Amino acid sequence: VAGTFRLWDMRSFRCVQSFGGNETTLNDLNTFCIMPPHHRLAAGASRVILHDYMDEWGGESVTDTGGVTDALYNPTVGEFYTISKQTVKTWNANTGVLFKVLRDITQDEITAACVADNGRKIYLGDAKGR
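Numbering of the sequence shown is given in the UniProt record's numbering, commencing with residue 1 and proceeding in unit increments.
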């Protein structure tokens, strides 16, 4: 629907909140920014519109306050990987359940990630080129 955007829960693959709809000013939406400390979302169109969002989960184990920098899918094992700063999280692609968290696995921020061709390894690169 023109002028509408949705917030999705990656764990359950369901829409948890819709924004816009009747706002005709969102028809030319070209950017948005999430501000977790304020539970607010800014949508940029011909003007900036602010929306408050619900934070029903709030659990540190499933949220990345620094933002997800990369997301990978591994069809060999049916898993998604989300990468943020120094953390890699593993999600079951069928159920959406988070089942593994690797924290502080690099000294510097992770800037690159890919799954090996055989699907058995994840290669990571950090801000210092390691």
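Cβ atoms here follow ideal geometry from the backbone N, Cα and C, with glycine treated the same way.
Remember, it's a predicted structure, so these values are computed and weren't measured experimentally.
So, under 8 Å CB-CB, Ala43 and Ile49 are touching, yes? Tell me the CB distance rounded to an integer number of Å. Position 43 of the sequence shown holds residue 43. Position 49 of the sequence shown holds residue 49. Correct: roughly 5 Å between the Cβ atoms.
If you follow the beta strand (DSSP E) that Ala42 is in, where does it begin and where does it stop? Your numbering for residue 42 matches position 42 in the sequence shown. Counting along the chain, the beta strand (DSSP E) containing Ala42 begins and ends at 40-44.
Rounded to whole angstroms, what is the Cα-Cα separation between Val77 and Arg47? For this step, residue 77 is matched to residue 77 along the sequence shown. For this step, residue 47 is matched to residue 47 along the sequence shown. Answer to the nearest angstrom: the Cα atoms are 44 Å apart.
Just the Cα atoms here: how many angstroms apart are Leu124 and Ser12? Position 124 of the sequence shown, counted from the start, is the residue given in the question as residue 124. Position 12 of the sequence shown, counted from the start, is the residue given in the question as residue 12. Distance between the alpha carbons of Leu124 and Ser12 is about 26 Å.
Candidates Ala113, Glu109, Asp52, Ile83: closest to Pro36 by CA position: One-based indexing of the sequence shown puts residue 36 at position 36. Cα-wise, what sits closest to Pro36 is Asp52.
Just the C-alpha distance for Val101 and Thr111, rounded to the nearest angstrom, thanks. Locating residue 101 in the sequence shown gives position 101, where the first residue counts as 1. Locating residue 111 in the sequence shown gives position 111, where the first residue counts as 1. So the alpha carbons of these two residues sit roughly 18 Å apart.
Spatial neighbours of Gly58 in its chain, beta-carbon cut-off 8 Å, leaving aside the 5 residues before and after: Start at 1 with the first residue of the sequence shown, and residue 58 comes out as number 58. Its pLDDT being 49, under 50, Gly58 is placed unreliably in this model, and the value from its coordinates should be taken loosely. Here the set comprises nothing.
Proximity below 9 Å, CB of Val88 to CB of Ala113: Your numbering for residue 88 matches position 88 in the sequence shown. Your numbering for residue 113 matches position 113 in the sequence shown. Yes, these two residues count as a Cβ contact at 9 Å.
Could you name the residues that DSSP lists as bridge partners for Glu79? Against the sequence shown, residue 79 aligns to sequence position 79. Partner(s): Asn74, Asn92.
Rounded to a whole number of angstroms, what is the C-alpha to C-alpha distance between Glu79 and Leu29? Counting from one through the sequence shown, the residue named residue 79 turns up at place 79. Counting from one through the sequence shown, the residue named residue 29 turns up at place 29. Spanning the two alpha carbons is a distance of roughly 32 Å.
Assuming Ala71 and Tyr81 are in contact, meaning their beta carbons sit under 8 Å apart, how far apart are those beta carbons, in whole angstroms? Counting from 1 along the sequence shown, the entry for residue 71 is found at position 71. Counting from 1 along the sequence shown, the entry for residue 81 is found at position 81. Going by Cβ atoms, the distance from Ala71 to Tyr81 rounds to 7 Å, so yes, they are a contact pair.
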